[in-house]
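A short write-up of the structure that comes next.
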Amino acid sequence: AQSVTQLDSQVPVFEEAPVELRCNYSSSVSVYLFWYVQYPNQGLQLLLKYLSGSTLVKGINGFEAEFNKSQTSFHLRKPSVHISDTAEYFCAVTAGGGSYIPTFGRGTSLIVHP
Amino acid sequence: DARVTQTPRHKVTEMGQEVTMRCQPILGHNTVFWYRQTMMQGLELLAYFRNRAPLDDSGMPKDRFSAEMPDATLATLKIQPSEPRDSAVYFCASGLVRGQFQETQYFGPGTRLLVL
Chain F
28 AQSVTQLDSQ VPVFEEAPVE LRCNYSSSVS VYLFWYVQYP NQGLQLLLKY LSGSTLVKGI
88 NGFEAEFNKS QTSFHLRKPS VHISDTAEYF CAVTAGGGSY IPTFGRGTSL IVHP
Chain U
5 DARVTQTPRH KVTEMGQEVT MRCQPILGHN TVFWYRQTMM QGLELLAYFR NRAPLDDSGM
65 PKDRFSAEMP DATLATLKIQ PSEPRDSAVY FCASGLVRGQ FQETQYFGPG TRLLVL
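Sequences listed follow chains F and U, in order. Numbering of the first sequence is given in the numbering used here, commencing with residue 28 and proceeding in unit increments. Numbering of the second sequence is given in the numbering used here, commencing with residue 5 and proceeding in unit increments.
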C-alpha cells in the first residue's frame, strides 16, 4: 500500500516570494505522482503530474515539481507567488501493480499575503 | 472542454430525508470516484467504479449510503436516511486507467450538503 505525507498543513508567504510545498510518499512499486489545486468553493484540478521521464515537471500557473526517487519526494515549487495562488494544494500518488485507487495527502493551505 | 458535472450544487435537507446526488463523468473515462470532504477529515474516498462495476466502497457507511452507476453517463450517491454528520461537500471524479495506473482524475464542482 502507498501513503502520502504533506509535511505542512499551512504555508503563509508574501506576494512575489518563492514557495515550496513538501510531499513525501511511500510505495514499494513504481508510482505516478500528482499535484492538484483546489480554489475556494471549487473541485480539485490538476496542477502537474509525473508519469515517467524527466524528473522536473512543469505545470500550470508557473508551478513545477521535482521527482526524487531516492528521497521519495515530489515537492512543489514556484519562484514568485501571486495573491491568486491562495488555495489548497493536494499531493497524490498512484502505485503500479494494479492498485488503481490514488492516495491523497491531507493538503497544504497556501496563503499569500500582499 | 469536457467536464464532470454534478447535481445539485447545493442541498439543504432535514435529518431523516433521502438525498440523491448525481454525477455525469467525462465521456470515455472508465473510472469514477466519489469523495467526501470535510474540515475535520479532509478528503475521504467513499466509492470507486471501474467500467461501471463497483470495486471499492470500504469507505462508505453501508447502512445508509449507496452508490450506483446505472449507465456510463450517470453515477449516483444516495444517503437514506440522512444525518447531520453527513453535512459535507461531495465530489465526483472520473478518469482513465491505462495499463497498471490510474491517470489524472477530473473532479466535478461538488455538491454541498447541509443536513439540519
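Glycine residues also receive a C-beta, built at the ideal position from the N, C-alpha and C atoms. Predicted, not measured: the structure shown is a model, and the values here were computed from it.
Check whether the Cβ atoms of Tyr33/F and Ala122/F lie closer than 8 Å to each other.
Residue identity differs from the one stated: residue 33/F is Gln in this sequence, not Tyr. Not a contact, by the Cβ cut-off of 8 Å.
Using the Cβ count rule (16 or more neighbours within 10 Å means buried), how would you classify Val56/F?
exposed
Distance cutoff 8 Å, beta carbons only. Does Gln28/U sit that close to anything in chain F?
no
Taking only beta-carbon positions, decide if Gly112/U is within less than 8 Å of chain F.
yes
What residues from chain F crowd round Asp60/U, counting only those whose CB sits closer than 7 Å?
Ile128
For Tyr3/U, which residues in chain F fall below 8 Å Cβ to Cβ?
Lying outside 5 to 120, the shown extent of chain U, residue 3/U is not represented and no answer is given.
Name the DSSP bridge partner or partners of Ile83/U?
Val23/U, Phe69/U
What residues of chain F sit near Phe105/U, judged by a beta carbon separation below 7 Å?
Tyr59, Thr121, Gly123
Would you list the one or two residues that DSSP bridges to Tyr59/F?
Thr121/F
One question on the structure: do Ala51/U and Asp61/U come within less than 8 Å of each other, judged by their Cβ atoms?
yes
Does Arg133/F come within less than 8 Å of chain U when only Cβ atoms are used?
yes
Quick check: Pro129/F and Gln109/U, are their CB atoms within less than 8 Å of each other?
yes
Step through the CB atoms of chain F and report whether any lies within less than 8 Å of the CB of Gly46/U.
yes
Using the C-alpha atoms, what's the distance from His140/F back to Glu47/F?
16 Å
Output needed in chain order: residues of the segment 55–84 of chain F with a Cβ under 9 Å from some Cβ in chain U.
Val56, Ser57, Val58, Tyr59, Phe61, Tyr63, Gln65, Asn68, Gln69, Gly70, Leu71, Gln72, Leu73, Lys76, Leu78
What in chain F is Cβ-close to Thr42/U, meaning under 8 Å?
Under the 8 Å cutoff, chain F gives no residues; its nearest Cβ is about 12 Å from Thr42/U.
Reduced DSSP category for Asp35/F - H, G, I as helix; E, B as strand; rest coil
coil
Where the beta strand (DSSP E) through Asp61/U begins and ends:
Premise fails: Asp61/U is in no beta strand (DSSP E) and is neither H nor E.
Taking the alpha-carbon positions, what's the Val16/U to Pro106/F distance?
42 Å
Contact check, Gln10/U vs Thr115/U under 8 Å by CB: the rounded distance?
5 Å
Which word fits Leu59/U, buried or exposed, when buried means at least 16 other C-beta atoms lie within 10 angstroms of its C-beta?
exposed
Nearest-angstrom Cα separation, counted from Met25/U out to Ala71/U
10 Å
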